[in-house]
Amino acid sequence: MKKLILFISILLIISCSSKLYVPKSESSTVSVDDLKTGREIYVKKCSSCHQLFLPNQYNEKAWSLNLTEMQDRAKITDAEKQLIYQYIVNAPK
Ligand code: HEC
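Heads up: the sequence shown runs through residues 2 to 94, numbered per this note's numbering.
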């Protein structure tokens, strides 16, 4: 039973993160490498307690507040928080 739950959780995490866009080109202010790093940190640090929220679920101001709220929980540095923020707000609209 435990193994089944684990299996389903892993499937859920994979299926959620695959909906997240993969950066293919730089934005006007951020390099493509930084966007990719932001995605990696987001998937790695933010999926342990709940599903990953999609960028278009909140506007930029709300994301900034959400990230500040989650920073302690996810134990991320200011620089990591900034990378996640850049990844999120540069999502294709
Ligand atoms: C240690 C557990 C934990 C981690 C890690 C975590 N969160 Fe959360 N998150 C929560 C809980 C609990 C809630 C719901 C309660 C709340 O809003 O305080 C939540 C809610 C949210 C919400 C919804 C807020 C709202 O107002 O609807 C967003 C967005 C969010 N988290 C983003 C993130 C991001 C981004 C990260 C990574 C930087 C992250 N979370 C990491 C526990 C966590």
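Backbone N, C-alpha and C define an ideal beta-carbon position, used for all residues, glycine too. In this text the structure is predicted, and so the values were computed from the model without any measurement.
Say yes only if the C-beta of residue i is nearer than 7 Å to one or more non-hydrogen atoms of the ligand HEC, and no if none qualify.
i	result
N57	no
K45	no
N67	yes
F54	yes
S49	yes
A80	no
Less than 8 Å between the CB atoms is what I'm expecting for residue i and residue j, so what's the real figure, rounded?
i	j	result
I85	Y22	Not quite, the Cβ-Cβ distance comes to about 14 Å (not below 8 Å), so this is no contact.
Y88	L36	5 Å
Could you tell me the alpha carbon to alpha carbon distance between residue i and residue j, rounded to whole angstroms?
i	j	result
M2	E27	45 Å
E5	K76	Residue identity check: residue 5 is Leu in the sequence provided, not Glu. Roughly 29 Å separates the two Cα atoms.
D79	Q72	8 Å
E61	N67	10 Å
For the alpha helix (DSSP H) that residue i lies in, which residues bound it at each end?
i	result
Q58	Unbroken run through Q58: none, as it is neither H nor E.
C47	33-47
Y22	Unbroken run through Y22: none, as it is neither H nor E.
S82	It should be noted that the sequence gives Lys, not Ser, for residue 82. From DSSP, the alpha helix (DSSP H) with K82 extends over 79-90.
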